[in-house]
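Here numbering that gives the first Met the number 0 is used: the sequence shown runs in plain steps of one and ends on residue 271.
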Amino acid sequence: MLTDTQLAQFRRDGFLGIPGFWSAEEVAAMRAELDRLKAEGMLRNVATDGAKANLQVTETWKVSPLFRAAALQPKVAALTSALLEGGPVFQYFDQIFLKPARSGAPTNWHQDNHYFKLPDPSMAVGVWTAVHPATVANGTMRFIPGAHLANLPHRRDPDSDHHWRCDPDDAQAVPVELPAGGVVVFTYGSPHATGRNDTDAERAGFAMHFAHAEKGRTREVHLNRRGEPMDYTPGRAGRPFVAGPQATHGAAEYGEDQRAAWRRLVQPRAAA
Ligand SMILES: O=C(O)CCC(=O)C(=O)O
């Protein structure tokens, strides 16, 4: 799945771009599913600038059987266990950000561990999928090589109605451009940001988060945007075991092997 060179790059820089992770058929299914979520009003504009839009859906697994199944595919298990010391691995979180054409707002610098506060941020990874081609012009992900080792102070982000931001020295920041279906993986400590979308086409990213099932946990109780406590205990809907002895491809957590669900959901949607 990953070469030694790629793993070394990930450990050194805190992130790694991987083109061609999902097939064209899988990407087509994700886009069709995203269109359904949009049509059903599932995406919420979090931008505070009324002229711009940064549309977000969190806990996608609750509203989308297709995005739920994506996290339980064998290639995701292979990727995340390679990045997390061989596992065991469970899914921690997922979300989509969509920047509409011409008015897409940026997401400012932040470390995901500011939200989740794991004792060791290297024990969790984000896997961000370019649902559309992700370029500098439409606001792809940017990273600062090697910046994942410091724990940065955050402040409330005035450009978003609930996010937090940090202010790293970004003189060495690099964009990760990806064809649709590519992914960029990054540790919870890796500061990242995305730019505006001024192009004529929308740009979406689907981010799945995974953690080491033993080392990537915290006893802290986290509250969601509505102030409700979030439960990160593995082995339940939304927190399925992805790799390791307790992993069942989601059968235990969702009552159906998610490899079969993926096959069932991807083909008809892609053809539609
Ligand atoms: O897709 C984006 O614009 C932002 C993604 C992001 O910052 C994240 O998933 O943490």
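The beta-carbon is built from N, C-alpha and C at its ideal position, and this holds for glycine as well.
Reduced DSSP category for residue i - H, G, I as helix; E, B as strand; rest coil
i    : result
P228 : strand
Q94  : strand
W163 : strand
V130 : coil
F9   : helix
R262 : helix
P267 : helix
Extent of the continuous beta strand (DSSP E) to which residue i belongs
i    : result
R141 : 140-142
T193 : 191-193
V26  : Where V26 is concerned, there is no enclosing beta strand (DSSP E), although the alpha helix (DSSP H) it sits in stretches over 23-38.
L65  : Where L65 is concerned, there is no enclosing beta strand (DSSP E), although the alpha helix (DSSP H) it sits in stretches over 64-69.
Alpha-carbon to alpha-carbon, residue j and residue i
i    : j    : result
E213 : G204 : 28 Å
L272 : A206 : Shown here, the chain extends from 0 to 271; a query on residue 272 therefore has no answer.
T186 : G40  : 31 Å
H162 : R155 : 6 Å
beta-carbon residue i near ligand 1 non-hydrogen atom, thresh 6 Å
i    : result
T59  : no
G181 : no
G237 : no
Cβ neighbour criterion (16 or more within 10 Å) applied to residue i
i    : result
S80  : buried
Q266 : exposed
E201 : buried
S189 : buried
D93  : buried
CB contact check: residue i to chain C, cutoff 7 Å
i    : result
R258 : No chain C appears in this structure, which consists of one protein chain only.
Residue range of the alpha helix (DSSP H) that includes residue i
i    : result
A81  : 73-82
H113 : 111-115
A250 : 250-253
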